[in-house]
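Down below is the structure, laid out as structure tokens.
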Amino acid sequence: MLDRIVFDLFAGLAILSAILVVTRRNVIHSAIFLITALLATAGIFLQLHAEFLFIVQIILYVGGIMVLFVFVIMLVNLDVALHQMQFRRQWWVGLLLAIALGAEATAAIYIGRLGLPGPETAPPASVLEPNTELVGHALFTGYMLPFEIASVLLLVAMIGAVVMAKRRT
Amino acid sequence: MTHALQASLEALKPFLLPLIYAVAIVAVLPLLAGYLVLMERKVMAHMQVRLGPVRVGPHGLLQPIADAFKLLLKEDITPENADRLVFWLAPMLSMTAAMLALAAVPFGPGFQIADLNIGLLFVVGISSMGIFGIVLGGWASNSHYSLIGALRSAAQLVSYETAAGMAVVGALLLAGTLSLRNIVEMQENTGVWFIIAAPVGFFIYLVASIAETNRAPFDMPEAESELVAGYMTEFSGFRWALYFLAEYTNMIVVASIATTLFLGGWLRPFPTTHWLNFLDWLPAALMLGLAGYCLYRTPKQPVAIQKLVMVLVAGMFAAFAAILLAPMVATHIAGATSMALMVASWKPALLGGFWFLLKVFLYIYLFMWLRFTFPRYRFDQLMRLGWQFLIPVSIVNVMGIALGLALHRQWGWPYGVALPTTTVITLLIAAALARTGEKKEKDEAVVGEFWGTGRDA
Amino acid sequence: MADPRIPAAPRVEATVLGADEIILNMGPQHPSTHGVLRVKLRLDGEKVVGSECVVGYLHRGVEKIAEHRSYQQFAPYVDRMDYVAAVSNGLGYCEAVEKLMAVEAPPRARVVRTILTELQRIASHLVWLGTHALDIGALTPLFYCFREREEILKIFEHYCGARLTTHAFRIGGLQYETYDGFEKDVVQFCEPFDKRVDDYEALLTSNRIWLARTKGIGVLSAKDAIDCGASGPVIRGSGVKWDIRKAMPYAAYSDYEFEIPTGENGDTFDRYMVRLEEMRQSRKICLQAVAKIPAGPIMARIGKVLKPPPGEVYHSIEAPKGELGYYIVSDGTTQPYRVRIRPPSLINLEAFDKMVRGHLIADVVAIIGTLDIVLGEVDR
Amino acid sequence: MIGTGHYLFLSLALFLIGVVGVVTRRNVIIILMSIELILNAVNINLVAFSRLVGSVEGHVFAIFIITDAAAEAAVGLGIIIAFFRNRETVLADEMDLLKW
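Dropping the structure here:
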């Protein structure tokens, strides 16, 4: 019961703010609603007993990436952009495409749902405890190589971003 | 019907105590912040050969209340071209994030809203969201000063959060847990506060936390001599008060984190040394002393009502003293009635709360002291300090502590040898780093970059 | 109006703004523009790429007022120009009119004038030090500076009844004899003052942040300083040994020994050191002067109504901020035909654009502070 | 009780909204934000299955995806800044030069 309320709350919040993200005229408003959507997703993670991911989502996504977004929006803030056309002229093609994709995926999930084990068969939440330790253990043993590759990726991205944004003089 | 009610009450029971704590914190915090402001003004005044607020109440003791009324009654101005939604939202966002972070802070052994097993990350993550309040507020004001303040604030927070995070990791390695309560218990078991085990980490956290709370000498986002008031320039009245409250709440949050991580949380100094047990009497004695001082000052107040307030304040301190004294006395009563036992059981909670708050206040006092002593850094110097000194040193510090722990656990060096050794190594590397940085700074100095230094005449 | 020989300085809005450039309007209401200076800054991020000072928000037409007042009546008006150094303004004006009338103040008056003017220099530098430190973010020195300044103002108050706009001197000498205990007060202030300056230095000079904020900031080369007519501590900070007290001694300065401190790099730090040293030198002058105040009259023999002969005169003194000059044209009546004042702050402000380009916003306030401008004087 | 299907539908909805944003908006920054939405939807899927299976590997992959999102945002925003500096626009369909 409580579970249900929490899920509906977070899911509704996430979907509503996601819709607002893609429809707002003002980019800053979009960013704010994206933050809301990400926070709602963090709530969903918490409900799924992914505590570490919950806090990673907040620290990295909300506290890091979104700050970067807001920062850049302020740097390139253009009042002109507010009065321009916000959507492409062929927006309805995109929308139709998305609806078709949605219908297809919905059908797939709906049919495949029967094959999924029900929530009753899910292992107890304590399997994922202590979450931080388990994630850390997995990251530094089984997924050591991907972890290192990810760190190299970050380094490359950092250098790339610096080179991109640096002024050519 | 009554059954259902009872059942739901039963279900709500685990929420009851946290709820009471939460209400208590939310109710007390604004008052506490107000008195922090008074403390700051008084300390500043006495460091600057003047008296500070003295008009409202004896020694200005009622000044925060008068200030609060003034701010509440002030006209609330929204600039014409401001983004109304964001302008309305931003101060509340700041305040919410600051208050939410307090949820995981253990003020005493029993006094904590929620003991999360990711407690420390929770506090760090939530307080990092406070920056949106500043950035969005600065942007929404539609003023250049505000915008520059907001941009500075974003850059500054992102940079110094890295250093602070690294410093925190050092302490985490020592504690081996993310739960704030367990971190304190770990320090109790080790018998040593982490500031002694990891002094470099504490220093880095100190500097980074000053920068994170936008306090001088790192108060770039609101530097009043440059940007008028930075991101707060266009705010007035209650919204401005919210920002102010958020700033002081953030100070309390970072001070709490520092206290928990490095200063032993609710533990008294040297918690395991038994001949120092008389320190348990210190809180009550201190309160009694304060009460006595207030009574001594009472006849010197000029107005009758000020005398009255002074006596009331003395009474308050005396009451505190009685509360702190009660469990101490109860443990020494031989009779051991159930009442006395219960009172005696409060001892760790009461004394713990006292020590915690004392440390928090000392930490904040340090903030204030630095503020009145130092000039303000320039923005690029701040960034250079953060990226070229603090972050490398903090990484070295983490490696040093890891090395020390490895020496202790793998090779069996005693705790008291391994960690000081690595601390010395860390300090040496930091000194080398500082030297090279200084040399580079000298080479790159802007002297004569734009206009020659040729001298004639 | 524009001189074709001088290449026009690029105005702030002259060209189209780049993608990440903004115009920041600093002042006239701003905490650290020292009054009502307005600076239009063209910023690239936080870097200043262009600046323009807009002055005149405090213009009261002092020079025009002079044409409708008698010579004595005009004297109090000059106090309102550089209102933190009113005594120096008065000295310059009185000496200029005396020069025009070819009279000389008696020796006693000249020595007392020297003492008061040097005290005023210390007071003015104290205000500068406090506000400059405040601009750079050090809150505390201000109150220590004002504590010492208060002692000076008390001496003024005892002497002539006013603290700020003193109108201490009269054309031809002094109106008031020194009060009993004047010498003692001055000595009492001066004796420990060296220690006080050491205190300020302890707070600032060796502070790493202060050094980082002042060294290499607002560099003005000696050539540039001379070219734009800077004077006072600004030109001395650039290494030019120029002080009117030595170059063209007035009052009683030729009788005393003192040094002219100069800087080397012409940056904010050097100007700071120059002013601190000047305070020490002023104290030295005061102590020398107060030790032997000659006896005698305090007023030259001039009539009640001043009618200087037709002619013109230029007289300048070393005010705390630089060369303060009065150019007075007389047509033989009781009122000056024209008075033109050369305020040091305005001329020093000319160097602002040169000093500020390429620096950051935070340095702009430091540079405004280091120029030590007083808007009452800039706008007159 | 919430089944895995609920999470899948939530994830799908977010994913679709993200896709709509990417294909219909002109503002590059909003397109980047829509991509973040899509990545986020994927994370929900991973975590939901992780809960179903009872292992933390989904969490690990979600962490990798967040890392990836950070890298993508950094480079993307760097490009936007560089582009804005030269062309003073953030509209995707005005980005029609291969080189300048």
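Residue numbers (my numbering), protein chains in the order written: chain U, 248 to 416; chain Y, 574 to 1030; chain A, 73 to 452; chain W, 21 to 120. Just so you know, even glycine gets a beta-carbon here, dropped at the ideal spot from N, CA and C. Since this is a predicted model, take the numbers as computed values, not measurements.
DSSP lists A:Val111 as the beta-bridge partner residues of Cys125 (chain A). Secondary structure at His79 (chain W): helix, using DSSP grouped into helix, strand and coil.
CA-CA distance, Gly359 (chain U) to Thr24 (chain W), rounds to 11 Å.
Among the bridge pairs identified by DSSP, Phe261 (chain A) is matched with none. Distances from the alpha-carbon of Met371 (chain A) to those of A:Gly397, A:Leu206, A:Tyr149 and A:Val175 put A:Val175 closest. In the structure shown, the three-state DSSP call for Asp792 (chain Y) is coil.
The beta-bridge partner set that DSSP reports for Tyr386 (chain A) consists of A:Tyr399.
Counting the other CB atoms within 10 Å of its CB gives Asp207 (chain A) a total of 16 or more, which places it among the buried residues. Counting only residues of its own chain and dropping the five nearest sequence neighbours on each side, Leu276 (chain A) has a CB closer than 8 Å to the CB of Ala205, Ala210, Pro213, Trp282 and Tyr344.
Taking a C-beta cut-off of 7 Å against chain U, none of the residues of the segment 788-804 of chain Y qualify.
Among the residues of the segment 941-952 of chain Y, those with a Cβ less than 9 Å away from any Cβ of chain A are Arg944, Phe945, Thr946, Phe947, Pro948, Arg949, Tyr950, Arg951 and Phe952, in the order of the chain. Collapsing the DSSP output to three states places Gly25 (chain W) in a helix. In chain order, Val801 make up the part of chain Y whose C-beta sits under 7 Å from the C-beta of His102 (chain A).
Against Met405 (chain U), the close residues of chain W are Ala94, in the order they occur along the chain (beta-carbon pairs closer than 7 Å).
For Leu117 (chain W), no beta strand (DSSP E) run applies, since DSSP gives it neither H nor E.
Neighbours of Phe695 (chain Y) in chain U, taken as residues at a C-beta separation under 7 Å, are given in chain order as Ile302. Contact annotation: in the segment 621-642 of chain Y, residues whose CB is within less than 7 Å of a CB in chain A are Gln621, Val622 and Arg623. Residues are counted here when their Cβ sits less than 8 Å from a Cβ of chain Y; for the segment 276-298 of chain A these are Leu276, Asn279, Ile281, Trp282, Ala284, Arg285, Lys287, Gly288, Ile289, Val291, Leu292, Ser293, Ala294, Lys295, Asp296 and Ile298, given in chain order. By the criterion of at least three beta-carbon pairs nearer than 8 Å, the segment 154-168 of chain A is in contact with the segment 385-402 of chain A. Taking 8 Å as the upper bound for CB-CB distance, Gly96 (chain W) and Gly407 (chain U) are not in contact here, some 10 Å apart. The segment 34-43 of chain W makes contact with the segment 60-77 of chain W; the number of CB pairs closer than 8 Å reaches 3 or more.
Within 7 Å of the CB of His717 (chain Y), the CB atoms of chain A belong to Ile94 and Leu96, in sequence order along the chain.
Legend: CB atoms of the segment 378-411 of chain U lying less than 7 Å from CB atoms of chain Y belong to residues Thr379. Here Tyr950 (chain Y) has Pro790, Phe791, Met793 and Leu958 as same chain residues with Cβ atoms under 8 Å from its own Cβ, once five neighbours each way along the sequence are excluded. Under DSSP, Met98 (chain A) forms a beta bridge with A:Val111. Beta-carbon to beta-carbon, Ala297 (chain A) and Val306 (chain A) are separated by about 7 Å, close enough to satisfy the 8 Å threshold. Looking only at A:Gly338, A:Glu263, A:Thr286 and A:Asp342, the smallest Cα-Cα distance to Lys356 (chain A) is reached by A:Glu263.
For Asp656 (chain Y), at least one C-beta of chain U is nearer than 9 Å to its own C-beta.
Taking every protein chain shown into account, the CB of Tyr251 (chain A) has fewer than 16 other CB atoms within 10 angstroms, so this residue is exposed.
For a cut-off of 8 Å, the C-beta gap from Thr340 (chain A) to Ala438 (chain A) is around 6 Å, short enough to register as a contact. Contact between the segment 707-725 of chain Y and the segment 937-948 of chain Y is absent, with fewer than three C-beta pairs closer than 8 Å.
About 5 Å separates the Cβ atoms of Ile243 (chain A) and Cys166 (chain A), confirming a contact at the 8 Å cut-off. For Thr212 (chain A), at least one C-beta of chain Y is nearer than 9 Å to its own C-beta. For Pro148 (chain A), the uninterrupted alpha helix (DSSP H) segment begins and ends at Tyr143 to Asp151. In this structure, the alpha-carbon of Gly245 (chain A) lies about 14 Å from that of Leu172 (chain A). 9 Å or more divides the Cβ of Pro392 (chain A) from the Cβ of Arg452 (chain A).
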